[in-house]
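Residue numbering for the sequence shown follows my numbering, beginning at 22 and increasing consecutively.
Beta carbons are placed, not taken as given, at the ideal position from N, Cα and C, and that holds for glycine.
This report refers to the structure that appears directly beneath it.
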Amino acid sequence: MFDWLQNFADWLIYSVFNIGAETHLGTALNFFVFDTIKILILLFIIVFIMGIVNAYFPVEKLKDYLNRKKLYGLEYLFSSVFGAVTPFCSCSSVPLFIGFVQGGIPLGVIFSFLITSPLVNEVAVAMFIGMFGLKATLIYVVSGILLGTFGGWLMGKLNLEHLLSDWAKKILENKMQHPEYQEEKLTFYQRLPEITHSAWDIVKNVLLYVIIGIAIGAAMHGYVPENFFNTYLGGGQWWTVPLAVILAVPMYANAAGIVPVIQVFVAKGVPLGTAIAFMMATVGLSIPEATLLKKVLSIKLIAIFFGVVTLCIILSGYVFNILL
């Protein structure tokens with residue numbers, strides 16, 4: 022599919038710039054050119070498609086639906102799926118989390134959204150397809166949605182509403198009945214300019230992260246010795262997945278910045294499941310996210326949330342390594 026692009030990268034780096042293919046610099050630059058163009062093409066296509074989905078299923082519609090319907094547990098799955106189709110990192114998901122609290126949606130259902138939203142989005146899907154193929158992408162997407170569904174269900178069963186911040190408790194106690202959401206009646210062609218503009222805005226907003234992430238990945242691909250990562254995270258030892266997750270939790274990056282890095286992890290010998298677990302912990306759990314959540318959650322509840330998600334990601338890493 023992208024043979025033409027690889028040929029272009031080879032021509033540009035090895036012929037136009039006359040940099041040897043056997044050199045570290047040539048290898049790194051070739052990787053950078055090929056992956057940057059490929060990812061941006063896939064990114065715009067998938068963001069555009071998901072923009073169509075978001076146009077017909079906006080957050081207000083979901084809030085209204087969840088408030089009016091009894092779904093016998095499926096609300097966790099629906100909330101997780103909605104998180105997967107919204108283009109937010111862990112920090113930008115927090116304002117929507119607060120909006121859900123204000124809307125009176127059950128806490129466990131909100132956590133399903135908060136868990137899945139940064140883990141699975143169109144940016145990561147576009148990059149995964151280009152770097153790891155369809156099978157790995159499907160396993161990653163399905164596992165991310167299931168992780169959010171199970172994590173939200175578990176948080177709901179723990180009945181943790183008493184651990185909300187005083188501010189959030191006051192909102193719930195004084196919540197007034199809002200009118201039902203009225204869907205705007207527009208044809209697809211009327212929505213198309215807004216969808217296209219929104220898709221382009223998303224691409225522009227993540228462009229820097231994509232370039233930085235791929236640049237880091239290119240440098241690692243060209244200069245880091247083959248056995249460096251394999252020594253510490255490869256080999257399939259039982260402790261490599263927990264170690265990868267624990268190392269990733271203090272970090273902060275969105276999918277656009279971290280996916281090119283884990284591609285190099287895999288190329289250097291790290292099992293794909295371990296690399297994905299590292300990515301999920303990096304994008305799904307972060308200190309900035311915890312700081313923002315302090316507005317609506319107590320420190321104890323934040324710790325429980327981080328603990329549950331960390332455990333789920335570790336278990337997912339083991340499953341990934343078995344399936345992939």
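Counted as a single uninterrupted DSSP element, the stretch harbouring LYS289 is not any alpha helix (DSSP H), since DSSP gives it neither H nor E.
Just so you know, the alpha carbons of GLU143 and THR107 end up roughly 8 Å apart. DSSP places LEU46 within a helical segment (H, G or I) once states are collapsed to three. Contact annotation: SER101 and VAL130 have beta-carbon atoms that are not nearer than 7 Å.
Rounded to the nearest whole angstrom, the C-alpha separation of TYR339 and VAL266 is 12 Å. In this chain, the alpha helix (DSSP H) harbouring PHE326 covers 320-344. Taking a cut-off of 8 Å for Cβ pairs, the region 294-303 and the region 314-324 do not touch, as fewer than three such pairs fall below it.
Secondary structure at LEU207: coil, using DSSP grouped into helix, strand and coil.
For ILE323, the closest C-alpha among the options GLU182, MET148, ILE150 and VAL162 is that of GLU182. Contact between PHE326 and PHE132 holds, since their C-beta atoms are separated by about 7 Å, short of 8 Å. Leaving aside the five residues that flank VAL330 on each side, the residues in its chain whose CB is nearer than 7 Å to its CB run, in chain order, ILE136, GLY172, GLY305 and LEU306.
Restricted to the region 127-193, the alpha helix (DSSP H) segments that are unbroken, complete and at least 4 residues in length are 128-140 and 143-178, listed in chain order.
DSSP places PHE103 in the uninterrupted alpha helix (DSSP H) bounded by 95-105. A distance of 7 Å or more separates the beta carbons of GLY165 and SER138.
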